[in-house]
Ligand code: MG
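In our numbering, the protein residues as written are 3 to 269.
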């Protein structure tokens with residue numbers, strides 16, 4: 003048996019097998035090399051592999067991390083800021099947090115809240131950074147060293163509530179409003195990734211992280227002046243323009259170049 007080592011570029015998933023056990027694994031074609039390592043051990047290239055491979059299609063893919071916080075940067079794309087009543091941030095990002103209870107995996111269902119609460123739930127397809135090591139007061143020039151890899155986030159938003167409330171917690175914080183995954187891809191450049199969001203197969207959002215009004219290294223450095231970043235924390239980098247309402251029965255997909263597709267039904 004050959005012990006795997008982390009390659010420069012690698013795709014990592016977290017999944018549940020048919021016994022209900024949760025593992026990380028390395029994706030190889032249609033198979034996953036099962037690891038008994040923790041997330042931090044994987045970051046440190048301490049891979050524990052006992053020769054088990056599972057078929058990708060035979061397991062339930064989970065959110066790739068269980069973060070201590072999901073940090074969201076808002077209005078980092080000028081066109082999206084304009085369409086949702088904000089202004090592109092040129093000096094400092096607009097900041098909010100999503101609760102861990104909002105997270106769902108690829109293929110999980112986005113559950114629309116009762117129509118008494120909101121009548122305008124929209125998608126926001128985003129690139130998310132997964133932090134690999136603890137950091138505080140990180141220098142901009144070292145910021146990308148703290149990123150273990152990239153994944154995909156759908157920052158589902160009750161737009162009527164984010165417009166009505168003085169802050170975003172309610173409109174962004176409903177259960178299931180945080181699809182995350184399906185995988186973490188290590189070793190890709192987060193600063194030039196194309197994002198395409200479709201609703202029922204029709205393209206609604208198209209952008210690239212190279213269009214952001216603030217740079218990703220700046221955002222990492224900036225947030226680390228406020229809060230310590232922990233391994234597994236997720237930083238959602240903001241959404242390009244084109245977000246629109248979703249209805250029950252819709253199918254939303256966020257595709258990011260070199261990572262994959264995050265797909266969810268709306269219930
Ligand atoms: Mg967003």
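For each residue, glycine too, the CB sits at the ideal point set by N, CA and C.
DSSP on residue i, reduced to helix/strand/coil?
{"i": "residue 103", "result": "helix"}
{"i": "residue 108", "result": "coil"}
{"i": "residue 80", "result": "helix"}
{"i": "residue 141", "result": "coil"}
{"i": "residue 255", "result": "strand"}
{"i": "residue 162", "result": "helix"}
{"i": "residue 44", "result": "helix"}
{"i": "residue 147", "result": "helix"}
{"i": "residue 266", "result": "strand"}
{"i": "residue 11", "result": "coil"}
{"i": "residue 58", "result": "helix"}
{"i": "residue 194", "result": "coil"}
{"i": "residue 204", "result": "strand"}
{"i": "residue 210", "result": "strand"}
Please confirm whether any heavy atom of the ligand MG lies closer than 6 Å to the CB of residue i.
{"i": "residue 241", "result": "yes"}
{"i": "residue 126", "result": "yes"}
{"i": "residue 157", "result": "yes"}
Hey, how far is the Cα of residue i from the Cα of residue j?
{"i": "residue 268", "j": "residue 3", "result": "43 Å"}
{"i": "residue 33", "j": "residue 57", "result": "5 Å"}
{"i": "residue 77", "j": "residue 126", "result": "11 Å"}
{"i": "residue 147", "j": "residue 59", "result": "33 Å"}
{"i": "residue 247", "j": "residue 260", "result": "27 Å"}
{"i": "residue 97", "j": "residue 237", "result": "11 Å"}
{"i": "residue 180", "j": "residue 36", "result": "26 Å"}
{"i": "residue 140", "j": "residue 156", "result": "26 Å"}
{"i": "residue 5", "j": "residue 220", "result": "37 Å"}
{"i": "residue 158", "j": "residue 174", "result": "7 Å"}
{"i": "residue 23", "j": "residue 50", "result": "16 Å"}
{"i": "residue 112", "j": "residue 204", "result": "18 Å"}
{"i": "residue 249", "j": "residue 123", "result": "8 Å"}
{"i": "residue 198", "j": "residue 101", "result": "25 Å"}
{"i": "residue 118", "j": "residue 170", "result": "18 Å"}
{"i": "residue 69", "j": "residue 31", "result": "27 Å"}
{"i": "residue 52", "j": "residue 109", "result": "28 Å"}
{"i": "residue 150", "j": "residue 115", "result": "34 Å"}
Of all Cβ atoms in chain D, is any one closer than 7 Å to the Cβ of residue i?
{"i": "residue 3", "result": "This model lacks chain D altogether, as it is built from one protein chain only."}
Only counting the same chain, and skipping five residues up and downstream in sequence, which positions put a Cβ closer than 8 Å to that of residue i?
{"i": "residue 252", "result": "201, 202, 267 and 268"}
{"i": "residue 79", "result": "90, 209, 213, 214, 215, 240, 241, 242 and 243"}
{"i": "residue 66", "result": "14, 15, 16, 132, 153, 182, 183, 184, 185 and 186"}
Please work out which residues of its chain come closer than 6 Å, Cβ to Cβ, to residue i, disregarding the five sequence neighbours upstream and downstream, and give them in chain order.
{"i": "residue 195", "result": "129, 211, 258 and 259"}
{"i": "residue 225", "result": "73"}
{"i": "residue 172", "result": "163"}
{"i": "residue 270", "result": "Because residue 270 is not part of the residues shown, which for the chain are 3 to 269, the question remains open."}
{"i": "residue 11", "result": "189"}
Which same chain residues, not among the five before or five after residue i, have their C-beta less than 7 Å away from its C-beta?
{"i": "residue 120", "result": "160, 162 and 163"}
{"i": "residue 103", "result": "177"}
{"i": "residue 227", "result": "139"}
So if DSSP puts residue i in a beta bridge, which residue, or which two residues, is it bridged to?
{"i": "residue 67", "result": "Answer is none; residue 67 lacks a bridge partner."}
{"i": "residue 133", "result": "149"}
{"i": "residue 50", "result": "In the DSSP output, where bridge partners are listed per residue, residue 50 has none listed."}
{"i": "residue 25", "result": "17"}
{"i": "residue 247", "result": "124"}
{"i": "residue 238", "result": "74 and 130"}
{"i": "residue 86", "result": "None; residue 86 has no bridge partner."}
{"i": "residue 188", "result": "12 and 151"}
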